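Residue numbers (this note's numbering), protein chains in the order written: chain A, 1498 to 1719; chain B, 119 to 317.
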């Protein structure tokens, strides 16, 4: 278990020191959200109506942008070789790295979301549900994305390929995330049911993706 | 403890790197891998570490811990130094010490790197990075050492340290398998010549 925390701490420390990780994702989130009203026009009612969807799509793109950072650096400098022969099973290594990645990029995005909601005239009563759904949904985005990141390890400039692989998997998270926020804003369904499904998606991905990502990494080390 | 390999076959990228390769390496013994470029020295070391899958054959570590894979008995030092350029020399080793056990200060001292402990690894020279990577050998007790051209970019003094710790490892009953093109300053009990193009 010490090894698990050591990997988690090291990844967080690296993300803080090298910058780029969380800061870049939040910056990208901010830019996308501030550009969208310029395209849609200054109609505040319209913006308020589509704000949950816009915020969620921008969130997906921001998470996507940071995915190739999860494993690639460790793959290139040989750290993954040693982690694979380390005391911890590769599946647990992957979980530690995913968790660190979520703390350094997913969590800042969730915290930034309500601030960006103001930019889109999002109704104040939707702030809490928005943060809750994103808190529940971003781990799933990270977990599913990690599979794509692990699969494309051997590919140079695999960023675009990750997007192609992973975006379709994000669709359910998007649908139920936006669904839960809209349920609060316009109804008629209760907030609970889409939110529960969102949690279920996160739990399933938390179980499947470490195993899948570890297998993909083994394949790429070969 | 004894490493036994029988009829190993390794295929990478559709090319057969080697086949029907058999050897043993017992406790306290050193096995030297020689052969021209592309003869499969690195592949064999990665295969033993469990990083590369073997196509056929059998590989076993007699007297090892059955709960752990062969890879988890090894210190693998490949071509890459596995260092984080943003972390200092000490922080790099501190992380690996958390995984392998051992004392990062002693490991730095072992390769005469103590004066560089606060320097980010990105600012170290190639030889210093190599030494920092090899300093991991001081961390934790792992019986099987797999060294892939460990002396590359090392100066004479560091080569002597490397030779000394390899000798000490074998004297303590460890297994050593090293691939090299130059002399490492250690008496190896056996040599395994890997052929050029496998038929």
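Every residue gets a Cβ at the ideal spot worked out from N, C-alpha and C, and that includes glycine.
It should be emphasised that the depicted structure is a prediction, and the values quoted were computed from it without experimental measurement.
Collapsed DSSP secondary structure at residue 278 of chain B in the structure displayed: Along the second chain, read from residue 1 onward, the residue named residue 278 of chain B stands at position 160. Secondary structure at residue 278 of chain B: helix, using DSSP grouped into helix, strand and coil.
Cβ-based neighbour list, residue 225 of chain B, same chain, cut-off 6 angstroms, excluding 5 preceding and 5 following: Here residue 225 of chain B is taken as the residue at index 107 of the second chain, counted from 1. These residues qualify, in order along the chain: 211, 253, 256 and 257.
Start and end residues, beta strand (DSSP E) containing residue 202 of chain B: By one-based count along the second chain, residue 202 of chain B stands at place 84. Taken as a continuous stretch (DSSP letters only), residue 202 of chain B belongs to no beta strand (DSSP E), as it is neither H nor E.
Residue from B/159, B/294 and B/199 whose Cα sits closest to the Cα of residue 242 of chain B: Your numbering for residue 242 of chain B matches position 124 in the second chain. Measuring from the Cα of residue 242 of chain B, the nearest candidate turns out to be B/199.
Three or more C-beta pairs below 8 angstroms linking the stretch 1692-1700 of chain A and the stretch 1647-1657 of chain A: Two segments are said to touch when three or more pairs of C-beta atoms, one from each, lie closer than 8 angstroms; by this definition the stretch 1692-1700 of chain A does not touch the stretch 1647-1657 of chain A.
Proximal chain B residues relative to residue 1719 of chain A, where beta-carbon distance stays under 8 angstroms: If you number the first chain from 1, residue 1719 of chain A lands on position 222. Residues of chain B whose Cβ lies closer than 8 angstroms to the Cβ of residue 1719 of chain A are, in chain order, 130, 169, 170 and 171.
is_contact[residue 1574 of chain A, chain B] using C-beta, thresh 8 angstroms: Here residue 1574 of chain A refers to the residue found at position 77 when the first chain is read from its first residue. Answer yes: the Cβ-Cβ gap between residue 1574 of chain A and chain B drops below 8 angstroms somewhere.
Residue of A/1601, A/1588, A/1715 and A/1602 minimising C-alpha distance to residue 1704 of chain A: Translated into the one-based positions of the first chain, residue 1704 of chain A becomes position 207. Relative to the Cα of residue 1704 of chain A, the nearest Cα in the group A/1601, A/1588, A/1715 and A/1602 belongs to A/1588.
Reference residue 1700 of chain A, options A/1522, A/1674 and A/1633, closest by Cα: Working through the first chain from its first residue, we reach residue 1700 of chain A at position 203. With respect to the C-alpha of residue 1700 of chain A, the residue from A/1522, A/1674 and A/1633 having the closest C-alpha is A/1633.
The beta strand (DSSP E) enclosing residue 175 of chain B, as first and last residue numbers: Sequence index remark: in the second chain, residue 175 of chain B carries index 57 (1-based). It spans 174-180 - the beta strand (DSSP E) in which residue 175 of chain B sits, taken as one unbroken run.
Proximity to residue 1559 of chain A [Cα-Cα], best of A/1685, A/1631 and A/1625: Residue numbering aside, residue 1559 of chain A sits at position 62 when the first chain is read from its first letter. Of the residues A/1685, A/1631 and A/1625, the one whose Cα lies closest to the Cα of residue 1559 of chain A is A/1631.
With 16 other Cβ atoms within 10 Å as the buried cut-off, status of residue 267 of chain B: Counted from its first residue, the second chain places residue 267 of chain B at position 149. When all chains shown are included, residue 267 of chain B counts as buried.
Neighbouring residues, chain B, relative to residue 1515 of chain A (Cβ below 7 angstroms): Your numbering for residue 1515 of chain A matches position 18 in the first chain. What residue 1515 of chain A touches in chain B: 204.
Beta carbon proximity, residue 225 of chain B to chain A, threshold 8 angstroms: On the second chain, residue 225 of chain B is found 107 positions in, with the first residue counted as 1. Closer than 8 angstroms: no.
Neighbourhood of residue 170 of chain B by C-beta distance below 8 angstroms, restricted to the same chain and skipping five residues each side: In the second chain, the residue the question calls residue 170 of chain B occupies position 52. Only 128, 130, 161 and 164 meet the Cβ criterion.
Residue 1626 of chain A versus A/1674, A/1508 and A/1527, residue with shortest Cα-Cα distance: Locating residue 1626 of chain A in the first chain gives position 129, counting from the first residue. Here the closest residue by C-alpha is A/1674.
Cβ-based burial, residue 233 of chain B [other Cβ within 10 Å; buried from 16]: As a first step, residue 233 of chain B is located in the second chain; it is residue number 115 there, counting from the start. Around the C-beta of residue 233 of chain B, fewer than 16 other C-beta atoms lie within 10 Å, and the residue is accordingly described as exposed.
Residue 1448 of chain A, DSSP secondary structure in three states: Because chain A is modelled from 1498 through 1719, residue 1448 of chain A falls outside the range shown and cannot be assessed.
Interface residues of chain B facing residue 1519 of chain A [CB-CB closer than 7 angstroms]: Position 22 of the first chain holds residue 1519 of chain A. Result: empty, since nearest Cβ-Cβ is about 15 angstroms, beyond 7 angstroms.
Under the three-state DSSP convention, the category residue 1618 of chain A falls into: On the first chain, residue 1618 of chain A is found 121 positions in, with the first residue counted as 1. Residue 1618 of chain A: coil per DSSP, three-state reduction.
Closer than 8 angstroms to chain A by CB, residue 156 of chain B: The sequence position of residue 156 of chain B within the second chain is 38, counting from 1. Taking Cβ atoms only, chain A never reaches closer than 8 angstroms to residue 156 of chain B, which makes this a no.
Candidates B/176, B/167 and B/216: closest to residue 1504 of chain A by CA position: Counted from its first residue, the first chain places residue 1504 of chain A at position 7. Nearest of B/176, B/167 and B/216 to residue 1504 of chain A, Cα basis: B/216.
DSSP-derived helix/strand/coil call for residue 233 of chain B: For the purposes of this step, residue 233 of chain B is taken as residue 115 along the second chain, with counting starting at 1. Of the three classes helix, strand and coil, the one that applies to residue 233 of chain B here is helix, per DSSP.
Nearest-angstrom Cβ-Cβ length linking residue 300 of chain B and residue 284 of chain B, presumed shorter than 8 angstroms: Residue 300 of chain B sits at position 182 when you count from the first residue of the second chain. Residue 284 of chain B sits at position 166 when you count from the first residue of the second chain. In fact, because the Cβ distance is near 14 angstroms, the residues do not count as touching under 8 angstroms.
Best match in A/1574, A/1719, A/1663 and A/1623 for proximity to residue 1637 of chain A [C-alpha to C-alpha]: Numbered from 1 along the first chain, position 140 holds the residue referred to as residue 1637 of chain A. The shortest C-alpha separation from residue 1637 of chain A is found at A/1663.
Closest Cα partner of residue 1676 of chain A within the set A/1656, A/1691 and A/1668: Here the question's residue 1676 of chain A lines up with position 179 in the first chain. Minimum Cα distance to residue 1676 of chain A is reached at A/1691.
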